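Q: Have a look at this one.
Residue numbers (the working numbering): 1 to 425.
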């Protein structure tokens with residue numbers, strides 16, 4: 001079983017009779033490990049601008065193309081879905097030829113995709129965002145880079161994964177400001193071309209210089225604690241365990257999508273201004289960003305599955321808080337609690353896969369579990385809008401989201417219990 005402490009593990013009494021003879025097990029972690037993690041953080045921050053262009057430029061894009069705002073909004077959703085499905089193949093490819101080549105290819109595709117999106121009408125936008133930017137571009141970045149970072153750590157893996165998962169959050173702070181000024185200077189088409197070229201110029205050197213393979217000596221050391229290929233996982237067949245993890249990821253991300261997508265609209269329905277709603281949404285994102293390292297530390301202490309369970313409990317309480325909120329104070333408290341609670345769930349899923357399955361298969365298994373979350377996020381946003389249209393209130397949507405969250409808690413509790421039995425002597 002992998003070590004989950006950011007410190008040398010205490011030895012078994014049978015192996016070391018006295019503290020005087022104790023020597024900590026060698027670790028694969030070095031200063032280079034954190035250089036790699038910080039490099040991936042920067043790459044993910046740089047490459048996270050694609051969805052923000054449409055968020056900032058939704059009105060001018062829709063007006064210029066002669067479509068409703070649902071047109072560019074659909075393009076953004078297609079990017080997420082394309083990246084989710086494409087990451088399975090790209091993760092497998094990265095494990096074969098090296099992640100730097102896959103990331104370089106993805107950066108080139110992001111550049112080409114923005115050029116195609118800026119060159120035509122709504123169908124050019126759809127094709128570019130779904131296929132070129134999604135399945136061939138961003139699919140090469142998120143999950144493959146998470147897996148790459150996980151190979152460089154054995155004791156602080158949870159903290160490292162939490163760090164790199166913060167990249168898109170940092171990008172969400174920086175890129176909207178830049179794109180707003182770009183729209184005023186060049187329009188949305190020129191802004192897309194500018195961003196595509198800029199990320200290519202920045203990402204290619206970082207990938208070529210800093211995304212190196214783990215040294216062979218460290219690879220051998222890392223394999224000492226790896227699960228055996230084909231061994232049972234959580235006392236069940238490995239494919240069943242992987243399917244249950246992907247299902248759990250789907251269940252938790254449906255309620256996760258509701259506040260992030262519909263919070264501003266919920267605030268205006270309760271009598272707050274749109275500016276107040278945006279401020280509460282920003283508070284949610286800030287709380288999520290600041291708490292992510294705590295969740296990474298906790299994951300290293302108690303393991304990925306238990307961290308997911310703890311985060312899901314916090315998320316359920318926050319969803320219930322949104323249901324009970326009728327004024328700004330209640331919404332602020334619920335948003336802060338939601339941000340503090342859900343932030344550690346997604347990185348902990350990647351950590352759980354690395355804890356339970358052999359490293360050789362992580363290239364496609366981590367994206368497979370992440371795909372469940374991607375489908376849940378897409379489905380949760382759609383479900384919230386559909387239920388609102390049907391019932392005229394967000395209360396039903398959040399109540400259904402809470403049901404999904406409780407289902408997630410039940411499934412995670414079963415998996416945690418089986419984890420305990422699997423490691424018991």
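Backbone N, C-alpha and C fix where the C-beta goes; we use that ideal spot for every residue, glycine too. In this text the structure is predicted, and so the values were computed from the model without any measurement.
1) Assuming the contact rule is C-beta atoms closer than 8 Å, residue 76 and residue 51 should be a hit. Round their C-beta distance to whole Å, please.
2) Which residue wins for smallest C-alpha separation from residue 324, given the options 408, 270, 246, 132?
3) Quick one, which of 392, 58, 146, 266 has its alpha-carbon nearest residue 183's?
4) Please name the residue, chosen from 277, 262, 359, 62, that lies closest to residue 144 on a Cα-to-Cα basis.
5) Would you kindly check if the distance between the Cβ of residue 253 and the Cβ of residue 158 is under 9 Å?
6) Since residue 431 is in the alpha helix (DSSP H), which residue starts that stretch and which ends it?
7) So residue 193 packs on residue 138, CB below 8 Å; how close in whole Å?
8) Measure the CB-CB distance between residue 378 and residue 136 and report whether it falls below 9 Å.
9) Is it true that the CB of residue 36 sits closer than 9 Å to the CB of residue 210?
10) With a threshold of 16 other CB atoms inside 10 Å of the CB of residue 292, please say whether the residue is buried or exposed.
11) What is the rounded straight-line gap between the Cα of residue 101 and the Cα of residue 212?
12) Among 236, 286, 304, 299, which residue has its Cα nearest to the Cα of residue 338?
13) What are the uninterrupted segments assigned as alpha helix (DSSP H) that are 4 or more residues long and contained completely in the stretch 38-91, given in chain order?
14) Tell me where the alpha helix (DSSP H) around residue 183 begins and ends.
15) Run the CB neighbour count on residue 191, radius 10 Å, all protein chains shown included, and call it buried at 16 or more, exposed below.
16) Are there three or more Cβ pairs, one per stretch, closer than 8 Å when the stretch 272-286 is compared with the stretch 388-404?
17) According to DSSP, is residue 412 helix, strand or coil?
18) Nearest to residue 302 by CA position, among 189, 329, 155, 181, is which residue?
19) Report the rounded CA-to-CA distance for residue 414 versus residue 307, giving the unit in angstroms.
20) Run the CB neighbour count on residue 274, radius 10 Å, all protein chains shown included, and call it buried at 16 or more, exposed below.
21) Count the other CB atoms, across all protein chains shown, that sit within 10 Å of the CB of residue 22; report buried if there are 16 or more and exposed otherwise.
22) Look at residue 362 and residue 151 and say whether their C-beta atoms are less than 9 Å apart.
23) Using the C-alpha atoms, what's the distance from residue 321 back to residue 284?
24) Please return the same chain residues whose Cβ sits closer than 7 Å to the Cβ of residue 30, not counting the five positions on each side in sequence.
25) Taking the CB atoms as reference points, tell me whether residue 261 and residue 344 lie closer together than 9 Å.
26) Would you tell me roughly how many angstroms separate the C-alpha atoms of residue 289 and residue 328, rounded to the nearest one?
27) Below 9 Å between beta carbons: does that hold for residue 62 and residue 49?
28) Locate the alpha helix (DSSP H) running through residue 300, then write down its first and last residues.
29) Between which two residues does the alpha helix (DSSP H) carrying residue 114 extend?
30) With a threshold of 7 Å on Cβ separation, who are the neighbours of residue 67 within its own chain once the five nearest residues in sequence on each side are excluded?
31) What runs of the alpha helix (DSSP H), each 4 residues or longer, lie entirely inside the stretch 357-389?
32) Determine the direct distance from the alpha carbon of residue 79 to that of residue 131, and round the result to whole angstroms.
33) Within 10 Å of its beta-carbon, does residue 295 have 16 or more other beta-carbons around it, so buried, or fewer, so exposed?
34) Could you check which residue in 38, 153, 109, 41 has the C-alpha nearest to that of residue 26?
35) On a Cα-Cα basis, can you pick out the residue from 33, 84, 103, 126 that is closest to residue 73?
A: Looking at the coordinates:
1) 5 Å between Cβ atoms; contact.
2) Of the candidates 408, 270, 246, 132, the residue whose Cα lies closest to the Cα of residue 324 is 270.
3) Residue 183 has its Cα closest to that of 58, out of 392, 58, 146, 266.
4) Among 277, 262, 359, 62, the Cα nearest to that of residue 144 is on 359.
5) Cβ atoms of residue 158 and residue 253: not closer than 9 Å.
6) Outside the displayed range of the chain (1 to 425) lies residue 431, so it cannot be described from this structure.
7) Here residue 193 is actually not in contact with residue 138; their C-beta atoms are around 18 Å apart, not less than 8 Å.
8) Using a Cβ distance threshold of 9 Å, residue 378 and residue 136 do not count as a contacting pair.
9) A contact, by the Cβ cut-off of 9 Å.
10) Here residue 292 is buried, its C-beta having at least 16 other C-beta atoms within 10 Å.
11) Going from the Cα of residue 101 to the Cα of residue 212 covers about 10 Å.
12) Distances from the CA of residue 338 to each of 236, 286, 304, 299 were compared; the closest alpha carbon is that of 286.
13) The stretch 38-91 contains these whole alpha helix (DSSP H) runs: 50-56, 58-65.
14) Residue 183: member of the alpha helix (DSSP H) spanning 167-210, first to last residue.
15) That one is buried.
16) The answer is no - the stretch 388-404 does not touch the stretch 272-286, with fewer than three Cβ pairs under 8 Å.
17) Note: residue 412 maps to helix in three-state DSSP.
18) Comparing Cα-Cα distances from residue 302 to each of 189, 329, 155, 181, the minimum goes to 155.
19) So the alpha carbons of these two residues sit roughly 14 Å apart.
20) Residue 274 counts as exposed, since fewer than 16 other C-beta atoms from the protein chains shown sit within 10 angstroms of its C-beta.
21) Since pLDDT at residue 22 reaches only 44, below the 50 mark, its modelled position is unreliable, and the value read off the structure follows with that caveat. Around the Cβ of residue 22, a 10 Å sphere holds fewer than 16 other Cβ atoms; the residue is exposed.
22) For the pair residue 362 and residue 151, the CB atoms are nearer than the 9 Å cut-off.
23) Computed Cα separation, rounded: 14 Å.
24) Correct list: empty, nothing qualifies.
25) Between residue 261 and residue 344, the CB-CB gap reaches or exceeds 9 Å.
26) One Cα belongs to residue 289, the other to residue 328, and the distance between them is close to 22 Å.
27) Contact: no.
28) 274-302 is the extent of the alpha helix (DSSP H) around residue 300.
29) For residue 114, the uninterrupted alpha helix (DSSP H) run begins and ends at 99-117, by DSSP.
30) Taken in chain order, the residues that qualify are 122.
31) Counting whole runs of 4 or more residues, the stretch 357-389 contains no alpha helix (DSSP H) stretch at all.
32) Distance between the alpha carbons of residue 131 and residue 79 is about 8 Å.
33) With 16 or more Cβ atoms within 10 Å of its Cβ, residue 295 is classed as buried.
34) Residue 26 has its Cα closest to that of 153, out of 38, 153, 109, 41.
35) Checked all of 33, 84, 103, 126; the closest Cα to residue 73 is 126.
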